[in-house]
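J.: Chains H and L, in that order, are what the protein sequence lines are.
Count along the first sequence from 1, then add 16; that gives the number in the working numbering.
Count along the second sequence from 1, then add 16; that gives the number in the working numbering.
Note that beta-carbon positions come from the ideal geometry of N, C-alpha and C, so glycine has one too.
Treat the numbers as computed from the prediction; the structure is a model and nothing was measured.
2 protein chains.
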Amino acid sequence: VLRTAIVAGRLPASSQLPSSRDLAGELGMSRNTVNRALNQLIIEGYLSSHVGRGTFVNELSSTRTSPQGRSKTAQASHISTRGQALITQFSASQLEIYPFTPGLVDFSNFPLSLWRRLQDKHWRLSYPDMLDYSYSGGYAPLRKAVADHLRLARGMSPETDQIIITSGTQQSLELCSQLLADLGEIVWVEDPAYWGALKAFMSKGLTIQPIKVDLEGIAPTAPDMNGPPPRLIYVTPSHQYPTGSVMSMARRAELLSIARGSHAWILEDDYDSEFHFHGVPQPPLAELDQDGRVLYMGSFSKVLYPGLKLGYLVVPRNLASAFKQGHYDLNRPGQIPLQAALAEFIEHGHFAKTLYLSRVAHAEKRATLMDSLQPCLKNGVTISGVNQGLHLCVNLPKIVNDVQIAQRLAQKHLTVRPLSAYCFNRKDLRGLVIGYGYAPLTEIKTHGPTLAREISQAILELKVS
Amino acid sequence: VLRTAIVAGRLPASSQLPSSRDLAGELGMSRNTVNRALNQLIIEGYLSSHVGRGTFVNELSSTRTSPQGRSKTAQASHISTRGQALITQFSASQLEIYPFTPGLVDFSNFPLSLWRRLQDKHWRLSYPDMLDYSYSGGYAPLRKAVADHLRLARGMSPETDQIIITSGTQQSLELCSQLLADLGEIVWVEDPAYWGALKAFMSKGLTIQPIKVDLEGIAPTAPDMNGPPPRLIYVTPSHQYPTGSVMSMARRAELLSIARGSHAWILEDDYDSEFHFHGVPQPPLAELDQDGRVLYMGSFSKVLYPGLKLGYLVVPRNLASAFKQGHYDLNRPGQIPLQAALAEFIEHGHFAKTLYLSRVAHAEKRATLMDSLQPCLKNGVTISGVNQGLHLCVNLPKIVNDVQIAQRLAQKHLTVRPLSAYCFNRKDLRGLVIGYGYAPLTEIKTHGPTLAREISQAILELKVS
Chain H
17 VLRTAIVAGR LPASSQLPSS RDLAGELGMS RNTVNRALNQ LIIEGYLSSH
67 VGRGTFVNEL SSTRTSPQGR SKTAQASHIS TRGQALITQF SASQLEIYPF
117 TPGLVDFSNF PLSLWRRLQD KHWRLSYPDM LDYSYSGGYA PLRKAVADHL
167 RLARGMSPET DQIIITSGTQ QSLELCSQLL ADLGEIVWVE DPAYWGALKA
217 FMSKGLTIQP IKVDLEGIAP TAPDMNGPPP RLIYVTPSHQ YPTGSVMSMA
267 RRAELLSIAR GSHAWILEDD YDSEFHFHGV PQPPLAELDQ DGRVLYMGSF
317 SKVLYPGLKL GYLVVPRNLA SAFKQGHYDL NRPGQIPLQA ALAEFIEHGH
367 FAKTLYLSRV AHAEKRATLM DSLQPCLKNG VTISGVNQGL HLCVNLPKIV
417 NDVQIAQRLA QKHLTVRPLS AYCFNRKDLR GLVIGYGYAP LTEIKTHGPT
467 LAREISQAIL ELKVS
Chain L
17 VLRTAIVAGR LPASSQLPSS RDLAGELGMS RNTVNRALNQ LIIEGYLSSH
67 VGRGTFVNEL SSTRTSPQGR SKTAQASHIS TRGQALITQF SASQLEIYPF
117 TPGLVDFSNF PLSLWRRLQD KHWRLSYPDM LDYSYSGGYA PLRKAVADHL
167 RLARGMSPET DQIIITSGTQ QSLELCSQLL ADLGEIVWVE DPAYWGALKA
217 FMSKGLTIQP IKVDLEGIAP TAPDMNGPPP RLIYVTPSHQ YPTGSVMSMA
267 RRAELLSIAR GSHAWILEDD YDSEFHFHGV PQPPLAELDQ DGRVLYMGSF
317 SKVLYPGLKL GYLVVPRNLA SAFKQGHYDL NRPGQIPLQA ALAEFIEHGH
367 FAKTLYLSRV AHAEKRATLM DSLQPCLKNG VTISGVNQGL HLCVNLPKIV
417 NDVQIAQRLA QKHLTVRPLS AYCFNRKDLR GLVIGYGYAP LTEIKTHGPT
467 LAREISQAIL ELKVS
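#1: Exposed or buried, which one is V205(H) when buried takes at least 16 other CB atoms within 10 Å?
#2: Quick one: using the 10 Å Cβ neighbour count with 16 as the cut-off for buried, is Q427(H) buried or exposed?
#3: Examine chain L for any beta-carbon lying closer than 8 Å to the beta-carbon of S107(H), and answer yes or no.
#4: Do R52(L) and D145(H) have their C-beta atoms within less than 8 Å of each other?
#5: Whose Cβ in chain H lies nearer than 8 Å to the Cβ of I352(L)?
#6: If contacts are defined as beta-carbon pairs under 8 Å, then F291(L) and L196(L) qualify, I think. What distance do you get, rounded to the angstrom?
#7: Looking at chain H, is there any beta carbon in it that lies within less than 8 Å of the beta carbon of Y3(L)?
#8: Are the beta-carbon atoms belonging to G295(H) and M313(H) less than 8 Å from one another?
#9: Between the alpha carbons of N483(L) and C439(L), how many angstroms are there, rounded?
#10: Ignoring anything shorter than 4 residues or poking outside the segment 147-222 of chain L, list the alpha helix (DSSP H) runs there in chain order.
#11: Nearest by alpha-carbon distance to G308(H): which of H279(H), V376(H), S96(H), G260(H) is it?
#12: Near G153(L), which residues of its chain fall below 6 Å by C-beta distance, leaving aside the five closest residues on each side in sequence?
#13: Quick one: any contact between the segment 340-353 of chain H and the segment 362-375 of chain H, if contact means 3 or more CB pairs under 8 Å?
#14: Secondary structure at I415(L), three-state DSSP: helix, strand or coil?
#15: What would DSSP say about Y372(H), mapped onto helix, strand or coil?
#16: Output the distance between the C-alpha atoms of E201(L) and V419(H), rounded to the nearest integer angstrom.
#17: Check whether chain H comes within 8 Å of I103(L), counting only Cβ atoms and requiring the distance to be less than that.
#18: Taking only beta carbons into account, state which residues of the segment 172-189 of chain L come closer than 9 Å to chain H, listed in chain order.
#19: If distances are taken between C-alpha atoms only, which option among L324(H), V397(H), Q225(H), L385(H) comes closest to L128(H)?
#20: Consult DSSP for S65(L) and reduce its assignment to one of helix, strand or coil.
#21: Skipping 5 residues on each side, what residues in its chain have a beta carbon closer than 7 Å to that of T398(L)?
#22: Are V310(H) and L320(H) closer than 8 Å when you measure CB to CB?
#23: I want to see whether chain L comes within less than 8 Å of T89(H), judged by CB atoms only; does it?
#24: Can a CB atom of chain H be found closer than 8 Å to the CB of P127(L)?
#25: Which of the three DSSP states, helix, strand or coil, is assigned to V50(H)?
#26: For a contact meaning CB atoms closer than 8 Å, what does Q135(H) contact in chain L?
#27: Which of helix, strand or coil does DSSP assign to H343(L)?
#28: Would DSSP call R446(L) helix, strand or coil?
#29: Does the Cβ of P434(L) have 16 or more other Cβ atoms within 10 Å, making it buried, or fewer, making it exposed?
#30: Rounded C-beta distance between A161(L) and A359(L)? I'm assuming under 8 Å.
#31: Output, in chain order, the set of chain H residues within a Cβ distance shorter than 9 Å of Q390(L).
#32: Go ahead and label H66(H) buried or exposed: buried means 16 or more other beta carbons lie within 10 angstroms of its beta carbon, across all protein chains shown.
#33: Roughly how many whole angstroms lie between the Cα atoms of R348(H) and G184(L)?
#34: Distance check for V376(H) and T89(L), CA to CA, integer angstroms please.
#35: Where does the unbroken beta strand (DSSP E) through G70(H) begin, and where does it stop?
#36: M313(L) CB to nearest chain H CB: under 8 Å?
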């Protein structure tokens, strides 16, 4: 609302905004919600905040357009076909800052003051070489801390030298694409799939071949097996994004055998493995692998905070030196003092503690959301993907238009994603991907029942029409 | 020496090293040099330092190999053709931590304690949204600070909305490649060229077409003009890397006209423009451009420190919204508290002050190096590229093998790069690229004359042989 008012010139430059308390009263919203909206506008540059003086409207440049107002077709004529595909396919259609957007986490409980102290400590201890690029795959004590963490948390046994510190899963995927695959080579991806991975592969010139996912994970069929072999196989076995399937042991063994037979590399994105709520967790493919064909990747963004931009890649031993050099050549990594702070954060148990608290909080949010959704689980509606991760999937009958339901929910400020938005060839999957990472428990309690009611209502109406 | 001793097992795990003072005495090196070597081994994981207890040797994993000892051919069979090209072509053959390596800067004078205070302040002021990814091309106050800086320092007039904060020039180049060019499309690069840019283009599937550089910068010939048109033209007009040419006004106008005629984008890497020592600086192509065909990029790594990993891209107005979205889709940028600290650092004049001090210090280093090199400027040896930047180029007669000279210098621990290592098709360029960014003035005074003597001596011998 505010952004629109500023863009339209109804709030002139330099005018002072009312306090967030007054605004909240005026708009009938909680003060938290108002503050969050104001902060976002400060980051984007619509507003400036001056301590002790208040919040002011900035002068708008003539080129600024609202995110909602940007016209994709107007841009499209200027950029490459690859660029057009990147920014128009597999994207959210608008800024989603509503409670149930999948892939978001609530990082307001991150131990900020501890983190501040650790960072300041390591800046104080830093020596000039720590300000340089990192030539050796990352700061050694952080690589060791990650290896120790994976040993404890995932039963893996990597050596420190196999760990490469990256700026997150996106960079890990790009590095693997560029060092392991040539232009036009085939990458198997799950259908439906995680958008970020698709974009990494598309932009690096790989040919994407979607492979159907079932309840046991990626499920290659005979035609898939008899086609040209893949160079890369990208999977999210701990909690398939977005269906939530957990890959079975049988399927894991089968996939390793396929990789061996076709000389393919498996890229194991151990997405959401930290959030395990039920049953026995499966060992990662990287640990089952006997042939050094699995590259394992993780990130700290779901447990700590997304803007940290530190993740890791565990590579087979005989690739370690090539990956260190390629990472330096392509990315010139740095941020060693930050890496040092994170190493101590992990070594001294703060990461484990933060993860524990986060897991407890999310378990409660998950249970509350599942309870709220019970009333709509009828007429062929089921729920899946609830044992791990920070989202679940409400599966709808095939005849239901999930995009329409998501649009109706968005009008009530409840953002969920239609399952079909993640599909390539699948026409049989319709559903809603609902995240519970972002919303606080109170909002899940408030909005969960609305969600269930709207879903039931929409199905009735859409079935009729 | 130490690394070799550790790898060879002559220094067993857990053994304590003598103090850096004792080591310096024993090895006949300055304590600074010893400390730098020890710090590097801590970053790489060979050593651990414990405050108040000393420095200890770590247990080595069985896969660890020394950087010098890595065998490129052994890796090559595992990785893609693209990956092999990336890590074997256009790379330094070994770790270069010696005084005259081009592209390195001395960041030991960076105002570390001020920077620590600013970072801590902005972490204290940060609110949860600042821990999230950045959706809007970077933290708005930093984008404004960069626009203001470019207005003052380069006479440009970008609007804040045209500035995209990236993790540096490497990411800026990759973003441009992916959003503006399709697989196989042609990018004109300077011959000789900057390695990092070549790798960005190679890894993104572009076809590299080298264009000869002369004293006025990139100089397309009739065959270049009559061939298939380029999609991208990558140039370093302020101080061509590595020859040091400054692009003339006539050439700038010509290049803009070529871009207009062939619907190409110019990627202007304003490398080294901060370090201007002589004559009137030329206006950037981005400022001369009337058609919105120039993308301008800069970084903070040369003035502040490389590991900061923040740079910027100035895009034409009609590309701003596509680049913001593409940047988010491909890179999930973050680090907003760090961006906030940098914004204040620039706004409050600390950046300008640091740059001023750095410029003064480098002017003296440049003058000292030029004086030292005078004695070898005979027998067809000339010097160029001295008006800007942090390196210069000693041009040798065509018949001289510059790789051999560089190898001989390396044996005396003086790392310079042979000009031919940067060439594609050029057989007429032989020379030595000598950096004065990294070595302190005292080292330039000590080693400069040796450099001159060795060059003269080598030319005499190599001419005879």
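T.: In this structure, then:
#1: Counting from 1 along the first sequence, the entry for residue 205(H) is found at position 189. Classification of V205(H): buried, given that the 10 Å Cβ count is 16 or more.
#2: Looking up residue 427(H) in the first sequence gives position 411. Exposed, because fewer than 16 other Cβ atoms sit within 10 Å of the Cβ of Q427(H).
#3: Within the first sequence, the letter at position 91 stands for residue 107(H). Closer than 8 Å: yes.
#4: By 1-based counting over the second sequence, the position of residue 52(L) is 36. By 1-based counting over the first sequence, the position of residue 145(H) is 129. Yes, they are a contact pair.
#5: Working through the second sequence from its first residue, we reach residue 352(L) at position 336. Within chain H, the residues near I352(L) are I59, G323.
#6: Taking the first residue of the second sequence as 1, we reach residue 291(L) at position 275. Taking the first residue of the second sequence as 1, we reach residue 196(L) at position 180. Between L196(L) and F291(L) the Cβ distance is about 29 Å, and since that is not below 8 Å, they are no contact.
#7: Past the boundaries of the shown model lies residue 3(L); chain L is included only from 17 to 481, so the question cannot be answered.
#8: Position 279 of the first sequence, counted from the start, is the residue given in the question as residue 295(H). Position 297 of the first sequence, counted from the start, is the residue given in the question as residue 313(H). No, they are not a contact pair.
#9: Outside the modelled stretch of chain L, which goes from 17 to 481, sits residue 483(L), for which no answer is possible.
#10: Counting only runs of 4 or more, we get 156-170, 185-196, 211-219.
#11: Position 292 of the first sequence, counted from the start, is the residue given in the question as residue 308(H). Of H279(H), V376(H), S96(H), G260(H), the smallest CA-CA separation from G308(H) is found for H279(H).
#12: For this step, residue 153(L) is matched to residue 137 along the second sequence. Same-chain partners within the cutoff: I180, K340.
#13: no
#14: To locate residue 415(L), count along the second sequence from 1; it is residue 399. Reduced to three states, the DSSP call for I415(L) is coil.
#15: Within the first sequence, residue 372(H) is the residue found at index 356, counting from 1. DSSP places Y372(H) in the helix class (H, G or I) of the three-state scheme.
#16: As a first step, residue 201(L) must be located in the second sequence, where it is residue number 185. As a first step, residue 419(H) must be located in the first sequence, where it is residue number 403. Looking at the two C-alpha atoms, the distance is approximately 37 Å.
#17: In the second sequence, the residue the question calls residue 103(L) occupies position 87. So yes, I103(L) belongs to the interface.
#18: Across the segment 172-189 of chain L, CB contacts with chain H closer than 9 Å involve E175, T176, D177, Q178, S183, G184, T185, Q186, Q187, in sequence order along the chain.
#19: For this step, residue 128(H) is matched to residue 112 along the first sequence. Ranking the options by Cα distance to L128(H), first place goes to L324(H).
#20: Taking the first residue of the second sequence as 1, we reach residue 65(L) at position 49. Looking at S65(L) - three-state DSSP - the assignment turns out to be strand.
#21: Sequence index remark: in the second sequence, residue 398(L) carries index 382 (1-based). Excluding positions up to five away in sequence, the list reads N411.
#22: Taking the first sequence and counting its residues from 1, the one referred to as residue 310(H) is at position 294. Taking the first sequence and counting its residues from 1, the one referred to as residue 320(H) is at position 304. For V310(H) and L320(H), no; Cβs fall outside 8 Å.
#23: The count along the first sequence starts at 1 and reaches residue 89(H) at position 73. Residue placement at T89(H) cannot be trusted, given a pLDDT of 38 that sits under 50; what the coordinates show is reported in the next sentence. Cβ-Cβ to chain L under 8 Å: no for T89(H).
#24: Your numbering for residue 127(L) matches position 111 in the second sequence. So, not an interface residue.
#25: Your numbering for residue 50(H) matches position 34 in the first sequence. Looking at V50(H) - three-state DSSP - the assignment turns out to be helix.
#26: Taking the first sequence and counting its residues from 1, the one referred to as residue 135(H) is at position 119. Residues of chain L passing the Cβ test: Q135, D136, W139.
#27: Position 327 of the second sequence, counted from the start, is the residue given in the question as residue 343(L). H343(L): helix per DSSP, three-state reduction.
#28: Taking the second sequence and counting its residues from 1, the one referred to as residue 446(L) is at position 430. R446(L): strand per DSSP, three-state reduction.
#29: In the second sequence, residue 434(L) corresponds to position 418, counting from 1. Looking at its Cβ environment, which holds 16 or more other Cβ atoms inside 10 Å, P434(L) is buried.
#30: Looking up residue 161(L) in the second sequence gives position 145. Looking up residue 359(L) in the second sequence gives position 343. The pair is a contact, with the Cβ atoms about 5 Å apart (cut-off 8 Å).
#31: By 1-based counting over the second sequence, the position of residue 390(L) is 374. By Cβ distance, chain H contributes nothing, its closest Cβ being about 31 Å from Q390(L), past 9 Å.
#32: By one-based count along the first sequence, residue 66(H) stands at place 50. That one is exposed.
#33: Along the first sequence, read from residue 1 onward, the residue named residue 348(H) stands at position 332. Along the second sequence, read from residue 1 onward, the residue named residue 184(L) stands at position 168. Cα atoms of R348(H) and G184(L): separation of roughly 9 Å, rounded to the nearest angstrom.
#34: Residue numbering aside, residue 89(L) sits at position 73 when the second sequence is read from its first letter. Residue numbering aside, residue 376(H) sits at position 360 when the first sequence is read from its first letter. Per-residue confidence for T89(L) stands at a pLDDT of 39, beneath the threshold of 50, marking its modelled position as unreliable; no derived number is given.
#35: One-based indexing of the first sequence puts residue 70(H) at position 54. Per DSSP, G70(H) belongs to the beta strand (DSSP E) from 70-73.
#36: For this step, residue 313(L) is matched to residue 297 along the second sequence. Not flagged as an interface residue toward chain H: M313(L), since no C-beta distance is shorter than 8 Å.
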